[in-house]
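Chains as they are written, first to last, in our numbering: chain A, 41 to 177; chain B, 41 to 177.
Every residue, glycine too, gets a C-beta built ideally from N, C-alpha and C.
Written out below as structure tokens is the structure these notes cover.
2 protein chains.
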Amino acid sequence: MKDALANFPGYALSRASAKMLGRLAERLAPLNLRRADATILVQIEANPGITPSALGQIVAIKRANMVSLVSRLEKSGYISRNALDGRSFALNLTEKGTNICGDVKEILKLHEDRLMARIPEEHRDHFVPALKALWSE
Amino acid sequence: MKDALANFPGYALSRASAKMLGRLAERLAPLNLRRADATILVQIEANPGITPSALGQIVAIKRANMVSLVSRLEKSGYISRNALDGRSFALNLTEKGTNICGDVKEILKLHEDRLMARIPEEHRDHFVPALKALWSE
DNA sequence: CTCCTATTGTTATATTACATAATAATATAT
DNA sequence: ATATATTATTATGTAATATAACAATAGGAG
């Protein structure tokens with residue numbers, strides 16, 4: 041009963057990612073937020089007034105899938121939408137949104153710290169650079 | 041328009057994983073196989089006679105979700121199921137399955153090589169060990 | 001051997017993530 | 001001024017993954 045793919049980088053990458061995403065989801069659950077919600081809140085805070093389209097490009101979420109995410113966050117009172125022109129909106133955090141975004145960032149910090157702590161020290165500094173090389177382009 | 045999470049290891053991990061999984065899916069599409077199909081074929085070849093349950097434990101797929109995967113691969117003529125006892129089956133590759141498994145392994149090899157090639161040399165050797173530290177437990 | 005418990009494969013079902021196509025309104029460029 | 005592109009949106013489909021329930025059966029305890 042051996043794992044024939046255990047040393048394949050792509051396989052290890054997806055297993056590690058799946059496991060860490062699961063962990064993060066557990067940690068966000070008490071806030072009643074999903075990962076996409078959390079990233080959107082943080083990105084809006086860092087980019088006040090951003091449009092759904094531009095936001096979607098940053099976080100790799102298609103416009104069509106953005107709609108329900110944004111409208112749910114609006115209904116929860118975390119973000120506001122103000123018309124920029126006839127077709128696009130400026131997204132901003134409300135006060136309530138800023139508050140929960142603080143909680144989110146705390147959870148993210150904890151999550152990232154625990155994640156990095158699992159990686160043996162000699163590999164740690166190589167981790168993010170290697171991932172960014174795969175991801176960005 | 042900046043990505044506030046770009047340097048978060050968990051975020052980078054999931055972005056990198058998503059991108060590479062997408063690539064792999066494209067490469068497997070010509071064989072009309074999905075990633076789960078490919079991993080199952082390779083794992084059965086490495087573990088002849090394994091049961092669906094044991095296989096599911098290796099690849100982190102729940103029994104319930106294994107059913108349709110296995111039965112589809114059987115219908116495609118790639119694997120065979122032989123009763124071990126009254127409730128479990130031994131899974132094996134058919135000749136056709138062994139053939140396509142060869143193609144799969146070729147694609148995986150190519151995929152993994154291209155993936156590693158994207159990672160700057162100085163980080164390469166640290167990549168899989170770091171991921172395994174996150175994933176395994 | 002018999003009874004209780006655990007395991008296996010299975011069905012049904014729900015959720016989440018993510019993809020495409022079409023559309024109406026509007027901005028932008030020629 | 002008109003053609004084209006972009007934005008937000010709706011509708012829809014698929015893949016991955018999770019849980020609960022169930023029948024058949026294996027394995028262990030007495």
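Leu45 of chain A to Ile84 of chain A span [Cα, whole Å]: 39 angstroms
Closest residue to Arg67 of chain A among A:Arg164, A:Asn139, A:Pro169, A:Asp143 (Cα-Cα distance): A:Asp143
Kindly indicate if chain B contains any beta-carbon less than 9 angstroms away from that of Ser128 of chain A. no
CB-CB length for Gly62 of chain A against Leu64 of chain B, believed under 8 angstroms: Wrong, their Cβ atoms sit about 20 angstroms apart, outside the cutoff.
Contacting residues, own chain, Cβ-Cβ under 6 angstroms from Leu124 of chain A (five flanking each side not counted): Ala130
In chain B, what lies closer than 7 angstroms to Leu64 of chain A by C-beta? Gly50
Between which two residues does the alpha helix (DSSP H) holding Ser108 of chain A run? 103 to 115
Comparing the C-beta of Pro169 of chain A with each C-beta of chain B, is any distance below 9 angstroms? yes
Length of the line joining the Cα atoms of Thr79 of chain B and Leu95 of chain B: 10 angstroms
Tell me which same chain residues have a C-beta within less than 7 angstroms of the C-beta of Thr134 of chain A, skipping the five on either side of it? Gly117, Tyr118, Ile119, Ser120
Can the beta-carbon of Pro92 of chain B be found less than 9 angstroms from the beta-carbon of Val82 of chain B? no
Using the Cβ count rule (16 or more neighbours within 10 Å means buried), how would you classify Glu161 of chain B? exposed
Could you check if Met60 of chain A is buried or exposed, using at least 16 other CB atoms within 10 Å of its CB as the buried criterion? buried
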